[in-house]
Structure formats: C-alpha cells, structure tokens
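Q: Line by line, the protein sequences are chains C and P.
Just so you know, we're using our numbering here: the first sequence kicks off at 79 and counts up by one.
Just so you know, we're using our numbering here: the second sequence kicks off at 4 and counts up by one.
Beta carbons: idealized from backbone N, C-alpha and C, even for Gly.
Quick caveat, the model's predicted, so the values are computed rather than measured.
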Amino acid sequence: MKFVRMILGFVLFTTLTTTLVFSGTLENVKKRGKLNCGVSGGLAGFSAPDSSGKWKGLDVDMCRAVAAAVFGNAKKVKFISLTAKERFTALQSGEIDVLARNTTWTATRDTSLGLNFAGVNYYDGQGFLVSKKLGVKSALELNGASVCIQAGTTSELNLADYFRTNGMKYKTLTYDTSAQSRQGFESGRCDILTSDASQLYALKSQLKKPNSAVVLPEIISKEPLGPVVRQGDDVWFNIVKWSHIAMLNAEELGVTSKNVKKMAKGKNPAIQRLLGTSGDAGKNLHLDKKWAYNIIKEVGNYGESFERNVGLNTPLKIARGLNALWKDGGLQYGPPVR
Amino acid sequence: MGNLFDNIEKRGISVGFDFLNQESGFGIAQTLVEYDETSTHSKVFLVGILNTILVSVLGIITASIIGLFIGIGRLSSNWIISKLSMIYVELFRNIPILLQILFWYNVVLASLSSPRQSLVFFESVFLNNRGLYIPKPLLQDGFIFVAISFVLALVAIFYLSKWAKKRHDETGVKFPIWTVSFGIIVFSTTIVYFLSGSPIELEYSSLQGFNFVGGYNLLPELLALWFALSIYTATYIAEAVRAGIEAINKGQSEASLSLGLSKGLMLKKVILPQAIRIIIPPIINQYANLIKNSSLATAIGYPELVTVFSGTSLNQVGQAIEIILMTMAVYLILNIIVSMIMNYINAKMKIKER
C-alpha cells in the first residue's frame with residue numbers, strides 16, 4: 079500500500095509540476111477510448127469482481143453509466159481499485175477520470191481538495207457490527223471496546239465524535255482496506271467493526287459465519303455517498319451528474335433496460351426528452367443525443383441497478399429505505415430533463 | 004515549483020501548513036505522549052514519529068543481539084549450531100519483509116485467545132489477542148532515595164572497574180568485576196528500597212467490560228512488527244558479523260590460542276575488537292533499512308508515522324505534498340542521526356595511526 083501511495087504522490091507531484099490543465103477530461107477520455115474509473119477493490123454490492131472477473135456493484139454501474147453516455151458502450155471502462163487513503167490523490171492527479179468509491183460527501187472534501195461531488199448514488203449512515211457472543215444490544219453499551227476501522231474514512235471522525243459525546247472510551251485499530259478490518263474483526267482483534275451500514279452488511283455476508291455477528295440498530299452519522307470529479311471541468315462534471323440523474327428519471331418514468339426501445343417510440347414528452355427523441359439535452363452535454371438511452375439500455379435505471387446489486391434478492395438484502403424515489407418516500411430525486 | 008503552486012491553486016486545493024493546527028478528530032491506539040481526538044495534526048505528527056522511533060529502537064537492539072549470536076554461530080565448530088545459523092539466515096533474508104510482518108501478525112493473532120480467556124502469568128501479566136498487559140510501576144515519594152542509591156552504586160562501580168583494570172595491567176591479577184558490580188547494584192538498591200518503605204506500587208491490569216484496563220499494554224501490532232523487523236534485519240547483521248570475523252587473519256586466532264587464551268577470551272579480546280571495525284559500516288546500512296522498513300507497519304495497522312500521519316491525517320486534510328514532504332524529512336533526519344552516531348563510534352574504533 080505504501081508503494082502505491084508513494085507512486086500516486088509522485089504522479090501528483092510530477093503532473094502538477096508540468097503545466098497540464100485538466101479542463102478537457104471528455105476529450106482525454108474519448109481519445110483514450112476508455113473511462114478510467116476509481117472503485118473500491120472489493121466491497122460486495124458496490125464494487126467487486128465476481129467469480130468470472132467481471133466487476134459488479136452499484137458504484138461499478140455508476141462508472142458504466144458514464145461510459146455508456148460517452149461511448150454508447152458500457153464495457154469501455156477500466157476499473158482501478160483504490161484504498162480509501164489513495165482515492166483522492168488518484169483523482170487529483172488525473173490517474174482516474176471519475177471516483178465512484180462509496181465516498182462520503184463532506185464540506186472539507188468538496189471545498190479544500192479541488193474536487194466536486196456530482197450527486198448522491200447511495201444515502202448511507204455509519205453503524206456498528208458486533209459479535210453475537212458479546213451480547214450487546216445497543217451502541218451505548220460499547221464503553222472500552224476495541225474498534226476495527228478503515229483508514230482515511232469519515233468513519234474515523236464520526237466514531238471519535240460519537241464516543242466522546244457519550245462519554246465512552248474506545249481503542250482504534252486502523253487498517254488500510256476493509257478486507258483487513260474484516261479479518262481483524264474475525265480473528266477477535268477488535269470487538270466491533272464500524273463503517274457505513276451498507277458496508278457492514280457486505281462485510282457481514284463475507285464472514286465465515288455470517289450469523290455470528292449482528293449490526294446494531296444505531297446509525298450515528300449521515301453518509302451521502304456519491305461519484306466525485308475534479309473541480310474546474312464543468313463539462314465533465316455535468317456528464318457525470320446527469321448520468322446519475324438520467325438513471326433516476328428513467329426509474330421514475332418506468333423506463334427499464336428491457337422496455338427502453340419501445341418507450342423511445344412512445345408519446346410521453348418527458349420520456350422523449352430523456353431518451354433523445356426530442357430536445358437537445360445530449361448536445362448541451364457535448365454527448366450523443368442518445369446518451370441516456372444508451373445508459374438505460376446498457377446499465378438499466380437506478381432501481382434495476384439497486385435491486386441487482388444490493389437489493390432484497392442479493393446476499394446483502396438491503397431495503398430501498400432512504401434510497402427509494404422521492405415519490406415512494408425516499409430521498410432520490412432526479413431534476414427534470416428539460 | 005512555481006508551476007506546482009500555480010496549478011494547485013487553480014484547482015482549489017488548499018496549500019500551506021495551517022492544517023497542523025487543526026483538530027485531528029480521530030483516535031490513535033498507542034500514544035507515547037498525551038493525545039486525544041481534540042489534539043491537533045501536529046500532535047499526530049509527533050505521536051507518529053515517537054511510535055516509529057519506539058519500534059526502530061526496539062528493533063535495532065534485538066536485531067543486533069540476535070545478529071551477533073547468529074553471526075558467531077555460523078563460524079562455530081559445532082556442526083549443528085553452524086548449520087542451524089545458516090538455515091536461519093538463508094530462510095529469513097530471502098523472504099520479503101512485508102510477508103514476514105503479515106505472517107507474524109496473523110500467527111500472533113491466531114494463536115492468542117480473547118481477553119476473557121487470557122493467558123495469565125504470576126497473576127499479573129496477561130497475554131491475549133489485544134496484546135501483552137504488564138503491571139505499571141507507580142513511583143511513590145521515597146523513590147528518590149532508591150534512585151540516588153542506584154546512581155551512587157554506578158559511580159562506585161565506575162571507580163572500582165578503573166582500579167581493577169589498573170591492577171590487572173600492572174600485576175596480571177584478575178578481579179571478578181561483573182559479579183561484584185552486579186552484587187553492588189542489587190544489594191544496595193534492595194536495601195534502600197526496603198529502608199525507604201517500598202516506594203514502588205504496581206498498577207495491575209484488570210478485565211473491565213471488553214478489555215483490560217490499567218497497566219502497560221504492548222499491542223500485538225507492535226509485537227509482530229518488532230519481531231519481524233528484528234528477525235529479518237538480524238540475518239544481514241549476522242552476515243556482516245561473520246564477514247568481519249572471517250576477515251581477521253587466521254594467524255591472530257592461532258596466536259591467541261597458542262598463548263593459552265580460552266576460545267571465549269580470544270573472541271572477546273582479540274578477534275571482535277578488530278572485527279568490529281569491519282562490521283560497523285555495513286551495519287549502519289542495516290539500521291537505516293530497519294527504520295525505513297518500519298513504515299511497512301501500515302499493512303497491519305501499527306500507528307507509526309506513515310500510518311497515522313501520511314495515512315489518516317493526509318486523508319482528512321488532503322494536503323499530500325506537504326505531508327509526504329514532512330514524512331520524508333523525518334526519515335531522512337532519523338537516518339542521518341543514526342549514521343552520525345555510528346560514524347562516531349566507527350571513528351573511535353578505527354586503528355589509531357600516529
């Protein structure tokens with residue numbers, strides 16, 4: 079890990095010392111013929127290669143959607159797996175074009191790192207995973223516990239805040255990757271594992287005995303996770319932002335990967351504008367007018383992606399909750415394509 | 004450099020060292036100075052440096068001791084000892100250090116039980132997968148007398164050994180200086196200790212809730228890293244020791260044996276003093292390597308400089324260039340200090356040509 083970070087540091091250093099300006103991300107991506115997308119190396123449901131080596135997950139779908147919008151082909155993505163510590167440097171240095179790595183949108187990250195958050199593709203919150211043996215029912219009973227955690231995350235700060243506010247003591251064990259913290263938890267090095275709740279479900283499903291651990295009911299923070307791009311390239315920022323919004327609108331309008339061909343020929347003006355039959359959303363985004371059509375055809379709408387990767391029929395069994403569409407009582411609200 | 008700052012500013016990345024005064028907001032498992040979540044990032048920097056120095060110093064001491072014995076062992080006329088030493092060297096120096104660290108860490112964790120089923124020694128030392136817990140001495144008022152008597156004993160031993168050496172040089176009569184010194188220290192401090200009313204109390208560790216509280220706690224991460232670094236670096240030191248000894252002309256050992264010196268005495272008085280001049284320069288390299296290798300701790304989460312400062316702090320404030328430069332400067336300075344000390348020793352040991 080150290081070496082990867084060193085290399086990233088070096089790349090950042092050298093790219094910054096040359097007068098390279100990053101305004102033309104779209105041109106660079108087109109010229110390269112591939113989108114470089116930074117993802118988590120192994121987080122079931124969000125980004126992980128399956129048994130045949132194919133990347134799968136909610137964040138992976140975000141990358142594929144951008145690739146589909148740009149190239150009309152969701153396969154033209156190179157996935158670059160990054161640890162939490164490496165991710166921002168990789169993006170700042172131009173190593174990747176977009177970062178979709180379950181990254182929490184915070185004020186510091188948005189304002190001081192030279193980055194922009196292009197939306198929220200998963201509303202999350204931090205929780206605790208404990209071994210059933212300990213018989214703990216609430217996070218308020220965790221005084222004196224050892225906590226496994228991933229380095230460079232907002233979880234580290236939330237944890238400190240939570241224990242301090244409640245007058246409890248704790249010991250941290252900071253690992254580089256979530257796989258390491260899972261091992262630490264499994265070997266009994268720590269009593270609890272803390273992370274975003276969605277990750278806890280993913281990690282729990284990867285335990286040798288998934289039923290030996292339980293996720294506590296408390297959610298101690300707001301973790302809006304979303305794709306990130308470099309600041310100062312508005313064309314690219316818009317593309318990533320609207321790729322996500324297109325998936326939301328498609329779900330709201332009932333357009334799926336299965337019926338998109340038929341829907342494109344339909345009469346509904348909102349669907350016509352979204353799928354490029356009318357209007358010039360594509361042109362304004364510097365993309366093909368069938369950009370959203372391609373996203374939905376190749377990747378699907380937000381609901382399809384959610385159910386396929388983290389939904390109730392997957393090992394993670396996560397309900398839509400906050401991530402339902404606004405009209406179903408959730409927070410996912412796509413501004414209109416108009 | 005101008006370009007660098009231009010571009011950073013254009014992209015809206017913060018620059019400068021103001022972040023050092025920001026509250027860090029995260030916890031660290033092992034801190035040698037007072038630290039909590041409200042401390043600043045400059046405190047994180049200090050905590051990281053101290054943890055790096057701690058594991059480096061521990062590692063350098065044990066690696067030197069193991070290396071010296073293995074190096075001498077390789078030259079032993081005892082077949083088993085020399086072959087075992089050879090196997091040790093060839094085995095451990097040919098496996099990457101990162102793998103060794105991970106191996107020992109997993110061995111340590113896998114072989115130890117949870118805090119509620121700790122191994123207990125003398126009802127006061129506890130070993131479990133949270134580390135080694137030992138009682139912490141709490142110094143009471145009268146401790147000053149014990150300290151004074153200890154210093155006095157040291158002064159006495161200093162003059163005694165001077166006298167013993169002088170007498171040995173003049174008359175050839177030996178004086179059992181080690182036994183006597185040991186006796187003086189133990190005897191005087193014990194008597195003063197009890198006379199002043201046993202001024203040391205021990206704070207024992209006890210199981211409260213999830214973990215042991217009180218006493219000193221050696222983290223498993225520290226133990227694994229210390230173990231791996233010592234074992235690995237010792238192989239190189241052993242080879243340096245062997246090379247140093249083998250470089251001494253055979254005539255030297257033959258001459259001392261024919262003068263009737265025992266083998267141990269020959270090694271101590273004739274061979275090692277000459278070999279040490281050859282051994283020191285390569286050993287400086289190994290000490291420097293050990294310090295640099297300690298940064299691999301980030302793989303197992305031992306909170307040294309790279310893990311906490313150019314890991315967590317970097318990620319919280321996002322100022323890669325400043326932080327990486329500071330981290331590099333620390334390793335540079337640490338290594339320069341080590342090589343200055345060793346060069347000083349080397350200069351002292353050199354053959355004095357007048």
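1. Give the interface partners of residue 242/C over in chain P, defined as CB-CB distance under 7 Å, in chain order.
2. Which same chain residues, not among the five before or five after residue 204/P, have their C-beta less than 7 Å away from its C-beta?
3. Please check if any C-beta of chain P sits within less than 9 Å of the C-beta of residue 187/C.
4. If you draw a straight line from the alpha carbon of residue 423/C to that of residue 398/C, how long is it in whole angstroms?
5. Quick one, which of 154/C, 185/C, 204/C, 116/C has its alpha-carbon nearest residue 164/C's?
6. Could you check where the alpha helix (DSSP H) with residue 151/P kicks off and where it finishes?
7. Assess contact between the region 297–315 of chain P and the region 249–263 of chain P, defined as three or more Cβ pairs (one per stretch) separated by less than 8 Å. Is contact present?
8. Go through its chain and collect everything with a Cβ distance to residue 226/C's Cβ below 6 Å, but skip five positions before and after it.
9. Report the neighbours of residue 241/P on chain C: residues whose CB is nearer than 9 Å to its CB, in chain order.
10. Taking residue 182/P and residue 149/P to be in contact with their CB atoms under 8 Å, please state how far apart those CB atoms are, rounded to whole angstroms.
11. Residues in the same chain with beta-carbon distance under 6 Å from residue 233/C, minus the five sequence neighbours each way, listed in chain order, please.
12. Give the interface partners of residue 222/C over in chain P, defined as CB-CB distance under 8 Å, in chain order.
13. Measuring alpha carbon to alpha carbon, tell me which residue in 113/C, 213/C, 124/C, 195/C is nearest residue 213/P.
14. Nearest to residue 111/P by CA position, among 131/P, 267/P, 56/P, 146/P, is which residue?
15. Can you confirm whether the region 303–322 of chain C touches the region 141–156 of chain C when touching is taken to mean that 3 or more C-beta pairs between the two stretches lie within less than 8 Å?
16. Does the Cβ of residue 173/C have 16 or more other Cβ atoms within 10 Å, making it buried, or fewer, making it exposed?
17. Residue 126/C and residue 142/C: beta carbons closer than 9 Å?
18. Hey, how far is the Cα of residue 198/C from the Cα of residue 180/C?
19. Tell me where the beta strand (DSSP E) around residue 308/C begins and ends.
20. Given residue 187/C, which residues of its chain have a CB within under 7 Å of its CB, disregarding the five upstream and five downstream residues?
21. Can you give me the start and stop residues for the beta strand (DSSP E) that residue 125/C sits inside?
22. Could you check which residue in 296/C, 290/C, 312/C has the C-alpha nearest to that of residue 275/C?
23. Taking only beta-carbon positions, decide if residue 315/P is within less than 9 Å of chain C.
24. Could you check whether the Cβ of residue 99/C sits closer than 9 Å to any Cβ belonging to chain P?
25. Which residues of the region 178–212 of chain P have a Cβ closer than 8 Å to any Cβ of chain C? Give them in chain order.
26. Can you give me the Cβ contacts of residue 299/P inside the same chain, cut-off strictly under 7 Å, excluding the 5 residues immediately before and after it?
27. What's the C-alpha gap between residue 309/C and residue 351/C?
28. I want to know whether the region 340–358 of chain C touches the region 24–31 of chain P - three or more CB-CB distances under 8 Å.
29. Report yes or no: is there a C-beta of chain P within less than 9 Å of the C-beta of residue 257/C?
30. According to DSSP, simplified to helix, strand and coil, what is residue 194/C?
31. How about residue 191/C and residue 305/C: do their beta carbons lie closer than 9 Å?
32. Please say whether residue 167/P and residue 180/P have beta carbons closer to each other than 9 Å?
33. By the 8 Å beta-carbon criterion, what residues does the region 161–183 of chain C contribute toward chain P?
34. Tell me the DSSP bridge mates of residue 204/P?
35. Please list, in chain order, the residues of the region 103–135 of chain P that have any C-beta partner in chain C closer than 7 Å.
36. Quick one: what's got a C-beta closer than 8 Å to residue 406/C's C-beta in the same chain, skipping five residues either side?
A: Quick look at the numbers:
1. For the purposes of this step, residue 242/C is taken as residue 164 along the first sequence, with counting starting at 1. Those are 40, listed as they occur along chain P.
2. Here residue 204/P refers to the residue found at position 201 of the second sequence. Hits under 7 Å: 141, 143.
3. Mapped onto the first sequence, residue 187/C falls at position 109. Taking Cβ atoms only, chain P reaches closer than 9 Å to residue 187/C, which makes this a yes.
4. The requested residue 423/C is not part of the displayed model; chain C covers only 79 to 416.
5. What you label residue 164/C is simply residue 86 of the first sequence in a count that begins at 1. Ranking 154/C, 185/C, 204/C, 116/C by Cα distance to residue 164/C puts 116/C first.
6. As a first step, residue 151/P must be located in the second sequence, where it is residue number 148. Boundaries of the alpha helix (DSSP H) around residue 151/P: 146–174.
7. Three or more beta-carbon pairs separated by less than 8 Å are not found between the region 297–315 of chain P and the region 249–263 of chain P, which leaves the two stretches without contact.
8. Translated into the one-based positions of the first sequence, residue 226/C becomes position 148. The beta carbon of residue 226/C is closer than 6 Å to those of 251, 259, 262, 263, 268, 271 in its chain, skipping five residues each way along the sequence.
9. Here residue 241/P is taken as the residue at index 238 of the second sequence, counted from 1. Residues of chain C passing the Cβ test: none, with the nearest at roughly 27 Å.
10. Translated into positions along the second sequence, residue 182/P becomes position 179. Translated into positions along the second sequence, residue 149/P becomes position 146. Your pair residue 182/P and residue 149/P does not check out as a contact, with CB atoms roughly 22 Å apart and the cut at 8 Å.
11. In the first sequence, residue 233/C corresponds to position 155, counting from 1. Once the five neighbours on either side are set aside, the close Cβ partners of residue 233/C are 204, 227, 272, 273.
12. Taking the first sequence and counting its residues from 1, the one referred to as residue 222/C is at position 144. Within 8 Å Cβ-Cβ: 211, 212, 213, 214, 216.
13. The residue given as residue 213/P occupies position 210 in the second sequence. Ranking 113/C, 213/C, 124/C, 195/C by Cα distance to residue 213/P puts 213/C first.
14. As a position in the second sequence, residue 111/P is number 108, starting the count at 1. Nearest in C-alpha terms to residue 111/P, of all of 131/P, 267/P, 56/P, 146/P, is 131/P.
15. For the pair of segments examined, the region 141–156 of chain C was found to touch the region 303–322 of chain C: the number of CB pairs separated by less than 8 Å reaches three.
16. In the first sequence, the residue the question calls residue 173/C occupies position 95. Residue 173/C counts as buried, since at least 16 other C-beta atoms from the protein chains shown sit within 10 angstroms of its C-beta.
17. Position 48 of the first sequence holds residue 126/C. Position 64 of the first sequence holds residue 142/C. No, they are not a contact pair.
18. Along the first sequence, read from residue 1 onward, the residue named residue 198/C stands at position 120. Along the first sequence, read from residue 1 onward, the residue named residue 180/C stands at position 102. Computed Cα separation, rounded: 10 Å.
19. By 1-based counting over the first sequence, the position of residue 308/C is 230. 306–308 is the extent of the beta strand (DSSP E) around residue 308/C.
20. As a position in the first sequence, residue 187/C is number 109, starting the count at 1. Take residue 187/C, set aside five residues on each side of it, and the residues of its chain with a beta-carbon closer than 7 Å to its own are 193, in chain order.
21. Residue mapping note: residue 125/C aligns to position 47 of the first sequence, counting from 1. DSSP places residue 125/C outside any beta strand (DSSP E), giving it a letter other than H or E.
22. If you number the first sequence from 1, residue 275/C lands on position 197. The candidate whose alpha carbon is nearest that of residue 275/C is 296/C.
23. Residue mapping note: residue 315/P aligns to position 312 of the second sequence, counting from 1. At a cut-off of 9 Å between beta carbons, residue 315/P contacts chain C.
24. Reading the first sequence from its first residue, position 21 is the one you call residue 99/C. No answer about residue 99/C holds up, because its pLDDT of 47 lies below 50 and its placement is not dependable.
25. Cβ contacts with chain C: 211, 212.
26. As a first step, residue 299/P must be located in the second sequence, where it is residue number 296. For residue 299/P, same chain residues with a beta-carbon under 7 Å away, outside a window of 5 residues either side, are 100, 101, 104 in chain order.
27. In the first sequence, the residue the question calls residue 309/C occupies position 231. In the first sequence, the residue the question calls residue 351/C occupies position 273. Approximately 28 Å, taken between the alpha carbons.
28. No, because fewer than three Cβ pairs between the region 340–358 of chain C and the region 24–31 of chain P fall closer than 8 Å, the two stretches do not touch.
29. Mapped onto the first sequence, residue 257/C falls at position 179. Look at residue 257/C: its C-beta is not under 9 Å from any C-beta on chain P.
30. To locate residue 194/C, count along the first sequence from 1; it is residue 116. In this structure, residue 194/C counts as strand in the three-state DSSP scheme.
31. To locate residue 191/C, count along the first sequence from 1; it is residue 113. To locate residue 305/C, count along the first sequence from 1; it is residue 227. With a cutoff of 9 Å on beta-carbon distance, residue 191/C and residue 305/C are scored as not near each other.
32. Here residue 180/P corresponds to residue number 177 of the second sequence, with the count starting at 1. Here residue 167/P corresponds to residue number 164 of the second sequence, with the count starting at 1. Yes, the pair counts as a contact, with Cβ atoms nearer than the cut-off.
33. Against chain P - using a Cβ distance shorter than 8 Å - the residues of the region 161–183 of chain C are 162, 163, 166, 167, 170.
34. Residue mapping note: residue 204/P aligns to position 201 of the second sequence, counting from 1. In the DSSP assignment, residue 204/P forms a beta bridge with 141/P.
35. Listed by position, the residues of the region 103–135 of chain P near chain C (Cβ gap below 7 Å) are 112, 113, 117, 132, 133.
36. If you number the first sequence from 1, residue 406/C lands on position 328. Sequence-distant partners of residue 406/C (beyond 5 residues in either direction) whose C-beta falls short of 8 Å from its own C-beta, in its chain, are 398.
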